[in-house]
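Asker: All residue numbers for the sequence shown refer to numbering that gives the first Met the number 0, where the first residue is 0 and numbers rise by one.
Cβ atoms here follow ideal geometry from the backbone N, Cα and C, with glycine treated the same way.
Before we start, here is the structure in question, set down as structure tokens.
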Amino acid sequence: MSSVVGFSPKQALPAKAKTNFPFWRIVPSSGDYSSIFRFIILKNGIPAISSRRFRQRAILGASEEIPAVPGDSASGEIGSKMANISAFSTNQVFKSREDLMIWVQNVARSQGYVIVTKRSKAVTKGFISKIVLGCDLGGVSRNKDGDTKKINCPFELVGKYLKAHDRWTLRVKRDEHNHEPSLYMEGHAYAMRLTDKESRLVKDLTDLNVKPRDILPTLKEQNQNNVSSLRTIYNFVQKLGRSRREERSPIQNVMHVLQTKGYNFEYRLNNTTNELEELFFIHPTSFKMWQAFPYVVLMDATYKTNKYNLPFLEIVGVTSTNKTFSIAFAFMHNEQTSNYRWTLTCLKLTINNSFCPRVIVTDRDLALMKACEDVFPESNHLLCRWHIFNDITKRCRPRINLQKTWGSLHAKWKKLVESPTEDAYMENYENLRELLFNHADVFDYLYSVWLGNYAERFVSLWTDRHVNFGNSTTNRVESQHAKLKKHMESRKCDLDKFIHVIEKVVQSQETAIKESFTRSIIVRKPRFKDQIFDKLRRRVSNHAMDKILEELHRSKGFFPNPENCGCQMRTCYGLPCAHELAMYVGSGSSIPLDSVDAFWRKLDLSPSVSVAYGDLNIDHRMERLKETFDSQPDHIKFQYIRRMEEITDPSKILINEPSVKKNTRGRPKMKRVQHEKQAPHRYSCSDLHQQPPMHNSSFVDLNIEPSRHSSYEIDLNEAPINQCSYMFDLNEEPPMGHSSFLNEIPSIFHPYITHIQNVMGDGNCGFRSIAVCLGYHEDEWLNIRQQLHEELRRSYHDYAKVFIGCDEIVTSLSFFFANKPAPPKHWMLMPETGILIANTYGVVVQFLTNQGSATFFPLWRGPNEFENHRVITFALVYNNHYVMVQLEGECPMPPISVLWTRHKTPPATLWETMYKSRLQFYKQLKPTERCFMTLDD
């Protein structure tokens, strides 16, 4: 019987082995048989085959026969015997069970099998001393009726732990399978498992909100042998979520996260339902930054951040380097004064009433304003100028027809708001009233709602009398809202996931702030090289020095007289103003460091103010608590214990989830009417005799207080919903007196028409039909007019080169009265408006008429600049009315408008290439109708 025997050089040869060959121990590593250097195979102790032949045999694999060596009588017999040697036979010893498993898996995969642990034997303290390995297809399924991969494969290996040597050995117990090897490892559950390194990577990417579909390619790139599937990633993510929750309820998990991460938090429950109503929390890093910069507080609420639809209030601050940081966050049940008061009281208690912010900026939410006055009465409260003008635009823009008048209103309002002196304010006030002489209702609104009651909260004449460090809007809060929502996976986020997002945002803020501190200290900017900045360099933020430099340029030619200066920089920013700088320049001295407010001199996160928490010794309080506890009856003692457990371990708090709020304040979306699904017909058309009622509330009452977070803007990035209201079946006989629109549309398009929708004929029908084409209700025509008007105004000089008579187009668009029919001069003007529509909404416009159809592409941007685009179609019927038309399939496309052909840019030429086949199809049909506009025109 031949056998493979390993010897070390120091071992004695068997008595019958007479040879001069050196002997080496066989120690293949990780299945790599090329590491076998020199050994012999013995038959009854006699050398039979050289190491070269065995190495060749190992490389060829178990299924290959070893070729006979000439002159070697034993080689044929030995070769046939060697074919039966298992690939898992090894004299190697392994340092750990994990090393043994890795070696087995590598060998098994190379042969097309997957080996798993069948059972194991443990000794004391759970230490495993023996494992039995088998094929993943081994065993018998217990569920005889269900799907199974078990076919009772007999393959079996045994691994044992040698305590004396602290090593593991492997023995082949049965080296045969009852099935063919797999060509691919995909589909084997064990092979598709993630390694520890891959698991950590998936966890990190999941924490960064990377989608599983994007995680899988990353794993494949880093490990070419990875056979995991998308389902593997999803399962791991779900398991990760369950492990984090640890059988806790969603609210208990939130409390657990807040406590373990060191948040300062408070909550309030509904006394009846025990539901969470308010949750206030401060990140530990945010609290540190707020103690360093407690001077400015900006706050604003946002919506659609969590699955309960709770309004979310964010409070932010500003550093000396002009960086924004989050101070506190709160989920609130309502936006009433009591809710805001509770939230701000929690904020104030975190610093034990030790200080008040110098300035608080909010929008004109009356409940929030009242709460700020109650909790922080000593702070200077300002209103956001950006929100104010947004409300003015929403309520007054429809009343002013002429763009020139509206532009003048904008300029004069801005000048009024920035009035530095009382004389300037009165002059600007009179100029504004004179401008709006023919718009008395608009001026009444501006005075009664804003100037009459709140001018001292947003006009520079009053706001600059107090230090606000240049903060007059809440745009910083809006920016933080956008960052949070960008990091969220959806707008229906769980609270614990939302807190995790906040952690990432706060960490990013801290990094940016520390970087700005360092740059202000170590980076020397050439613009600050003058002697006047000698005492400020490396001690004052670069942002403050930029402000001083601007004021220094203004001070040139100044006499050192405060009356000529106004001292706005001193009173508003806490920095040297023009007349002070003129004195320093005149005397040739540097700006003293103490002339700069302490806010600008702070370039670290150490506390600016000390919080006096008083006596924090708990011993005597615990003694008093114990005395009170001992004197109570058992049911009261139980309540005491439960409350103490809630304090020590908030994750055990029995709190119900908040109920989902159905009606929340916030930005309302434009309502889009959805039609009931009907059986498809060849043609459908809106009934001329059925018209939607006109909105009698289109005029805005300018005397009503403006609502928060509202907008007329249409979101054209959302998928449109086709409007098919007021339809009837064209397969049936039309009503008496009704003329079919089909006769007014070129016959070449008739086979492709699936739907025609009529709109109200009030002079705005062209804009109504475009609203329907874009997927909105026809009553959104006013927004279409406004957006086209804004597009033309914004690029007026560019369009003036394209259109002849640009002012006439402006006039046609300038009609914003929702309850009046538009006179003929305000009707849609084609083909110019077709170019405007294509440019504004990034769509391809097909305009159909018997007088000559045309196609309009975007003029200045190519198709690669749009993520997706649509082709919309509308038609002119009876020479005085527009309707929406829906075409199906690869229908012919009318000739391109000459306006586009003459003025297209190079990127836009790709549109013609993209739709070349449809344009050629139209020409092949040889229509008889004349093109809408030719070169002769």
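So what does Tyr160 bridge to, in DSSP terms?
Answerer: Trp167
Asker: Can you look up Asn389 in the DSSP assignment and give me helix, strand or coil?
Answerer: helix
Asker: Can you give me the Cβ contacts of Phe920 inside the same chain, cut-off strictly under 7 Å, excluding the 5 residues immediately before and after it?
Answerer: Pro891
Asker: Among Glu743, Thr912 and Leu858, which one has its Cα closest to the Cα of Leu968?
Answerer: Beyond the ends of the chain as shown, which are 0 and 936, falls residue 968; an answer cannot be given.
Asker: Classify Lys601 as buried or exposed, calling it buried when 16 or more other Cβ atoms lie within 10 Å of its own Cβ.
Answerer: buried
Asker: Between which two residues does the beta strand (DSSP E) carrying Phe264 extend?
Answerer: Run containing Phe264: Asn263 to Leu268, per the beta strand (DSSP E) assignment.
Asker: Can you tell me whether Tyr262 is buried or exposed? The criterion is at least 16 other CB atoms within 10 Å of its CB, across all chains shown.
Answerer: Buried, because 16 or more other Cβ atoms sit within 10 Å of the Cβ of Tyr262.
Asker: For Lys15, does the three-state DSSP call read helix, strand or coil?
Answerer: The predicted position of Lys15 is uncertain, since its pLDDT is 38 and thus under 50; a value taken from the coordinates is nonetheless stated next. Coil.
Asker: Does DSSP put His176 in a helix, in a strand, or in coil?
Answerer: Looking at His176 - three-state DSSP - the assignment turns out to be coil, as it is neither helix nor strand.
Asker: Hey, does Thr753 have any beta-carbon neighbour from chain C nearer than 8 Å?
Answerer: Although the question refers to chain C, the structure presented lacks it and comprises just one protein chain.
Asker: Note down, in chain order, each residue of its chain lying with its Cβ closer than 6 Å to the Cβ of Glu645, except the 5 sequence neighbours on either side.
Answerer: Ile652.
Asker: Looking only at its chain, what residues have a beta carbon closer than 7 Å to the beta carbon of Ser706, apart from the 5 residues adjacent to it on each side?
Answerer: Reliability of the predicted coordinates at Ser706 is poor, the pLDDT of 44 falling under 50, and no value is obtained from them.
Asker: Quick one: give me the first and last residue of the alpha helix (DSSP H) that Leu408 is part of.
Answerer: For Leu408, the enclosing alpha helix (DSSP H) starts and ends at Gln402 to Val416.
Asker: My output table needs one value for Glu887: the three-state DSSP class, helix, strand or coil.
Answerer: coil
Asker: What is the rounded straight-line gap between the Cα of Phe292 and the Cα of Pro591?
Answerer: 22 Å
Asker: Tell me, which residues are paired with Thr361 by DSSP?
Answerer: Leu382
Asker: Could you tell me the boundaries of the beta strand (DSSP E) in which Met298 lies?
Answerer: Val295 to Thr301
Asker: Identify whether Lys524 lies in helix, strand or coil by the three-state DSSP scheme.
Answerer: coil
Asker: Just reading off the alpha helix (DSSP H) that Leu99 is part of, what are its end residues?
Answerer: Arg96 to Gln110
Asker: Taking its Cβ as the centre, do 16 or more other Cβ atoms sit within 10 Å of Pro830, making it buried, or is it exposed?
Answerer: buried
Asker: Which same chain residues, not among the five before or five after Phe873, have their C-beta less than 7 Å away from its C-beta?
Answerer: Ser768, Ile769, Cys772, Phe846, Tyr881, Val882, Met883 and Val884
Asker: Pull up the DSSP beta-bridge partners for Phe855, would you.
Answerer: Its beta-bridge partners are Val844.
Asker: Between the Cα of Phe93 and the Cα atoms of Thr462, Val122 and Gly158, which residue gives the shortest distance?
Answerer: Gly158
Asker: Using CA coordinates, which residue listed in Phe286, Leu434 and Ile871 is at the minimum distance from Phe328?
Answerer: Phe286
Asker: Among all the DSSP beta bridges, which residues are the ones paired with Cys134?
Answerer: Ile114.
Asker: So what's Asn655 in DSSP terms, helix, strand or just coil?
Answerer: strand
Asker: Does the Cβ of Arg475 have 16 or more other Cβ atoms within 10 Å, making it buried, or fewer, making it exposed?
Answerer: buried
Asker: What number of angstroms, rounded off, separates the C-alpha of Val441 from the C-alpha of Asn818?
Answerer: Whole-angstrom Cα-Cα distance: 18 Å.
Asker: Would you decide whether Ala163 is buried or exposed? Buried here means 16 or more other CB atoms lie within 10 Å of its CB.
Answerer: exposed
Asker: Hey, how far is the Cα of Asn400 from the Cα of Ser248?
Answerer: 57 Å
Asker: Quick check on the burial criterion: 16 or more other C-beta atoms within 10 angstroms. Buried or exposed for Gln508?
Answerer: buried
Asker: Check each candidate in Gln506, Ser554, Asp593 and Pro356 and name the one with the smallest Cα separation from His465.
Answerer: Measuring from the Cα of His465, the nearest candidate turns out to be Pro356.
Asker: Exposed or buried, what is Tyr183 when buried is set at 16 or more other beta-carbons lying within 10 Å of its beta-carbon?
Answerer: exposed
Asker: Helix or strand or just coil, what does DSSP make of Thr872?
Answerer: Thr872 falls in the strand class under three-state DSSP.
Asker: Out of Lys411, Thr342 and Tyr339, which one is the CA nearest neighbour of Leu434?
Answerer: Lys411
Asker: Please report the residue range of the alpha helix (DSSP H) in which His619 lies.
Answerer: Asp618 to Asp629
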